[in-house]
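If you want the working numbering, it's the position in the first sequence, counting the first as 1, plus 18.
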Amino acid sequence: MGIPSKYSAESVETKWYDYWMTHNYFHSTPDEREPYTIVIPPPNVTGVLHMGHMLNNTIQDVLIRRARLKGKNACWVPGTDHASIATEAKVVAKLKAQGIDKNDLSREEFLKHAWEWTEEYGGVILDQLKKLGCSCDWDRTKFTMDDDMSEAVIKVFVDLYNKGLIYRGYRMVNWDPEAKTTLSDEEVIHVEKQGFLYYIKYQVEGSDDTLVIATTRPETIFGDTAICINPNDERFVHLKGKNAIVPICGRVIPIIEDEYVDVEFGTGCLKVTPAHDENDKVLGDKHHLEVVDIFNEDASLNSFGMHYEGQDRFVVRKAIVKELKEANKLVKTENYTNKVGTSERTKAIIEPRLSDQWFLKMEDLAKPALDAVLTNGDVKLFPKKFENTYRHWMENIRDWNISRQLLWGQQIPAYYYGDGKEDFVVAETIDDAHTLIKEKGISIERDDIRQDSDALDTWFSSWLWPMSVFDGIRNPENEEIKYYYPTNDLVTGPDILFFWVARMIIAGYEYKDQRPFENVYLTGLVRDKQRRKMSKSLGNSPDALKLIEDYGADGVRVGLLLSSAAGNDLMFDEDLCQQGKQFANKIWNAFRLVKGWDVDDTIVQPNSSKIAIEWFESKFQKTIADIEDHFSKYRLSDALMATYKLIWDDFASWLLEIIKPAYQQPIDAKTLEQVIVLFEDILKILHPFMPFLTEEIWQYIEERSPEEALIIAEWPETKTINENLISEFDFASEVISGIRNIRKQKNIAFKDAIAFSAVNNENVSTSFDEVISKLGNLESFEYINESVEGALTFRVKSNEYFIPMEGSIDVEAEVKKLTEELNYTEGFLTSVQKKLSNERFVNNAPEQVVASEKKKEADALAKIETLKSSLASLQ
RNA sequence: UGAGGUAUAGCUCAGUGGUAAGAGCGUCACGCUUACAUCGUGAAAGUCAUAGGUUCGAAUCCUAUUACCUCAACCA
């Protein structure tokens, strides 16, 4: 036969992806069918595919392909995110390597570089998704900085401002001195750092007394504007109302009292630095303290740092410790571990900093989004456990700092006409702004209007994603948004539940008064075998494309899905991809077998084939129902495993073995025809998981027109399930296992046919007798009424089976085996009877439970009787 | 520190108060019975984290403990 025995994925995958693209199967336009829509979580435009993406997008592709096969109008919108901080950081680094300093460039020049970068690398990750088989509607590819997308963002900003929800505030924010921008709380990662707690002596003004404070940040003493003690702390009564002198800079600061200070911690004296610590800021506001900001924007010291001006904060820390020590102001140093905020993107240590920022009021906006998930179930989270986390966040939501001191992103549409902080208007364009300013009675030239230099947080564009990709913000009544929105499923990681998912829900209710999606499938994090999170810095993430090369996209998809229950972290192990690859090979060879058969029209279909096919049809239907159930709960691993077992065990190991003609013999036409139909049905249900392999076999089975491609085939129709047939087969398969077991134990080669007889105490159906004969390689199979002496035996329930053997049977071994079985069954019986003799059980347990226990009792009794009679005949 | 989660076979995980606990992988034994050795057949493997409790009955519900995970906040 001309088909190779090993399935080779590489050429097949390219071929079919091209074919699908050529025939435009991925493209969707609104029509009369029911839509099924997913918007991709847009990966960073400059990113490369990592394991998280692979998992995520495989799941989405499975859902989309399944919907497509089920006759829905499936639309998967792909795209990328401009990822302001991440991208800007990369562009800055690249410029730096070329000897260009970002600060020497104008906004326009910098943006030109950023766009070049985007155009150069922007397509990479999308091309990688294609390799994975993702059936996105590539004609719809969006980028969060596309003109229309940006317009939507600006429109929303202006709208929210006009609704009074956006305001400007002087707040303590997380400052990233590396990127020179603010970060949202969510972008700050607290990392445990080994540091020191320095005990520093302050002189009390007008006396020889000193007080000692403990700090991890001695360099901030230049910003001290008070010392705080707990009013109840009896040790420091003598300090009340006095002033202290800050070492080195000699500034006189008040000693204030506040119960905020923990008597137990450190020395009980706290230095208050309102400009550089959130809690100190609160304290400072309460006690009307001066605010002294000692840092430049790159976290070097400014003129308040005196002789340290211009030096970096960590350099200063070392130097100042030395200086304090020399001045005998350093009492002691202790090792101290605390968690320090670092930037998710640049890893720089965050500096709390006071600055003017734009904020969005969240409390009222969050309300409908909270109800949608927790009250009326409009949006469902899978797994459900994330609802608690969601509630916690939404109920304690803080205003969202939406401004970033970056260039790459949508520029905030606030236009200034004067130097005052409030001298601005908010408008979609500078011309609108000009008009508004004039309406205020202020005359100014258009060119003298100055736009706010900050850009918007990236998430401020992606929170509109499910609407803006269909132009739903700019044109709320357009046909597409009406057809595709709300979308159906969203698949993403739990790490961006708040960054993104919650905010999309908020935006959805605010702008469409509708949920953005019905179901949110939260995948687990991909970890390595040592349970470490896969990350670039650890270098433990396998190369995605290399994996596809080694195992095929289908193999990798299977590998990822096999162990990824929703919400559980996924311990990634390449062996799983190997399993996927082996599965592909198994199916390939099943196909080779079927394809290799010659047909003989004159042969009548054997009964064994007829009944086996009927059985498989029922088994198939039952499995489909199971799969359906798994999908409804987003249990994709289980759905795939059910499919896997159906194909490997039921189809390949049982059905094909039953219908397989003898070596080099032809098969009857009817069986072949039926089995091909079944094979095709199997390909359909497997297609979402393994799109390439299935399309390849589908097209190999016969010549198909583009309209007949598997990707758009019809899902197998639902038929009634014959449960009887399934249980009869199960019984027969136990009999076959029994035969195999005996063959194994007694070293009887399969090719030697054996005689076989049965005492049918259970009165089981004989439908599968021919199947048993074939798979057991029986030369005869008869029913008898009494035990056969001198035969090997085994039992299924109370049925007894005999394989007469020439020569001696090891009676002792048989007796031992039977006794063991008897002991076990009697033990089992005792436990069942104990239950049944308990009146409280019989009275309280549901009827079915009692009935099933009674059945167990009867079965056990029957089996015991069989065993006893066998033993008797042996002795 | 707080909130949430998890603990079942060597590994990854199912398990809906009622089966003397299941799957896949791995392990071990045997086998090339010509679709597939990327395979087949068979087997072994469990104190359901620990201690209590509720119940006729608990892997499942409750309480406490321990360990780990995630998120949030951190006392300078």
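Backbone N, C-alpha and C define an ideal beta-carbon position, used for all residues, glycine too.
Kindly indicate the opening and closing residues of the beta strand (DSSP E) around residue i.
i: residue 152; result: Counting along the chain, residue 152 falls outside any beta strand (DSSP E), and DSSP gives it neither H nor E.
i: residue 920; result: Nothing can be reported for residue 920: it is not among the residues displayed for the chain, which extend from 19 to 893.
i: residue 805; result: Note, residue 805: premise wrong, no beta strand (DSSP E); not H, not E.
i: residue 397; result: No beta strand (DSSP E) contains residue 397, which DSSP labels as neither H nor E.
i: residue 665; result: No beta strand (DSSP E) holds residue 665; DSSP gives it neither H nor E.
Helix, strand or coil for residue i? Go by DSSP, reduced to three states.
i: residue 259; result: coil
i: residue 877; result: helix
i: residue 19; result: With a pLDDT of only 46 at residue 19, under 50, the local geometry of the prediction cannot be trusted, and no value is derived from it.
i: residue 377; result: strand
i: residue 287; result: strand
i: residue 324; result: helix
i: residue 495; result: coil
i: residue 275; result: strand
i: residue 388; result: helix
i: residue 298; result: helix
i: residue 692; result: helix
i: residue 685; result: strand
i: residue 421; result: strand
i: residue 43; result: coil
i: residue 717; result: helix
i: residue 429; result: strand
i: residue 544; result: strand
i: residue 566; result: helix
Since residue i is in the alpha helix (DSSP H), which residue starts that stretch and which ends it?
i: residue 483; result: 483 to 486
i: residue 348; result: Careful: residue 348 lies outside any alpha helix (DSSP H), inside the beta strand (DSSP E) at 348 to 361.
i: residue 822; result: Careful: residue 822 lies outside any alpha helix (DSSP H), inside the beta strand (DSSP E) at 817 to 822.
i: residue 341; result: 331 to 344
i: residue 30; result: 27 to 40
i: residue 413; result: 404 to 413
i: residue 859; result: 857 to 862
i: residue 747; result: 741 to 763
i: residue 730; result: Residue 730 -> no alpha helix (DSSP H), and no H or E assigned at all.
At a threshold of 7 Å, does residue i count as lining the ligand GTP (C-beta to nearest heavy atom)?
i: residue 546; result: Among the components modelled here there is no ligand, and therefore nothing to report on the ligand GTP.
Quick one, are the C-beta atoms of residue i and residue j less than 8 Å apart?
i: residue 455; j: residue 448; result: no
i: residue 771; j: residue 795; result: yes
i: residue 368; j: residue 150; result: no
i: residue 621; j: residue 686; result: yes
i: residue 14; j: residue 629; result: This structure cannot settle anything about residue 14, because the visible part of the chain is limited to 19 through 893.
i: residue 617; j: residue 684; result: yes
i: residue 693; j: residue 612; result: yes
i: residue 698; j: residue 719; result: yes
i: residue 634; j: residue 658; result: no
i: residue 501; j: residue 53; result: yes
i: residue 486; j: residue 170; result: yes
i: residue 773; j: residue 797; result: yes
i: residue 74; j: residue 510; result: yes
i: residue 61; j: residue 71; result: yes
i: residue 245; j: residue 273; result: yes
i: residue 197; j: residue 363; result: yes
i: residue 431; j: residue 128; result: no
i: residue 58; j: residue 154; result: yes
Runs of beta strand (DSSP E) wholly within the stretch 178 to 250 (minimum 3 residues, chain order): Counting whole runs of 3 or more residues, the stretch 178 to 250 contains the beta strand (DSSP E) stretches 184 to 194, 199 to 201, 206 to 222, 228 to 233 and 244 to 247.
At least 3 beta-carbon pairs within less than 8 Å: the stretch 713 to 720 vs the stretch 633 to 643: Result no; under three Cβ-Cβ pairs closer than 8 Å.
Given 8 Å, three or more beta-carbon pairs between the stretch 365 to 380 and the stretch 185 to 194: Yes, they touch.
The stretch 162 to 174 contacting the stretch 421 to 432, beta-carbon criterion three pairs below 8 Å: Touching, yes.
Three CB pairs or more closer than 8 Å across the stretch 98 to 113 and the stretch 131 to 146: They touch, by the three-pair rule.
The stretch 884 to 893 in contact with the stretch 823 to 837 per 3-pair CB rule at 8 Å: A contact is defined here as three or more CB-CB pairs under 8 Å, and the stretch 884 to 893 meets this definition with respect to the stretch 823 to 837.
Alpha helix (DSSP H) runs contained entirely in the stretch 50 to 136, provided each spans 4 or more residues: Listed in chain order, the complete alpha helix (DSSP H) runs (minimum 4 residues) inside the stretch 50 to 136 are 69 to 87 and 102 to 115.
Every unbroken alpha helix (DSSP H) inside the stretch 447 to 532 [4 residues or more]: Listed in chain order, the complete alpha helix (DSSP H) runs (minimum 4 residues) inside the stretch 447 to 532 are 448 to 457, 477 to 480, 483 to 486, 497 to 502 and 521 to 529.
Stretch-stretch touch, CB-based, cutoff 8 Å, three pairs: the stretch 350 to 361 with the stretch 213 to 231: Contact between the stretch 350 to 361 and the stretch 213 to 231 is present, because at least three Cβ pairs lie under 8 Å.
Validate contact between the stretch 391 to 407 and the stretch 225 to 233 using beta carbons, cut 8 Å, 3 pairs: Taking 8 Å as the limit for Cβ pairs, the verdict is that the stretch 225 to 233 does not touch the stretch 391 to 407.
Given 8 Å, three or more beta-carbon pairs between the stretch 329 to 338 and the stretch 254 to 264: Taking 8 Å as the limit for Cβ pairs, the verdict is that the stretch 254 to 264 does not touch the stretch 329 to 338.
Residue ranges of each alpha helix (DSSP H) within the stretch 573 to 623, 4 or longer: With a minimum length of 4 residues, the continuous alpha helix (DSSP H) runs that stay inside the stretch 573 to 623 are 592 to 614.
Stretch-stretch touch, CB-based, cutoff 8 Å, three pairs: the stretch 112 to 127 with the stretch 437 to 453: With a cut-off of 8 Å, the stretch 437 to 453 and the stretch 112 to 127 do not count as touching, because too few Cβ pairs lie within range.
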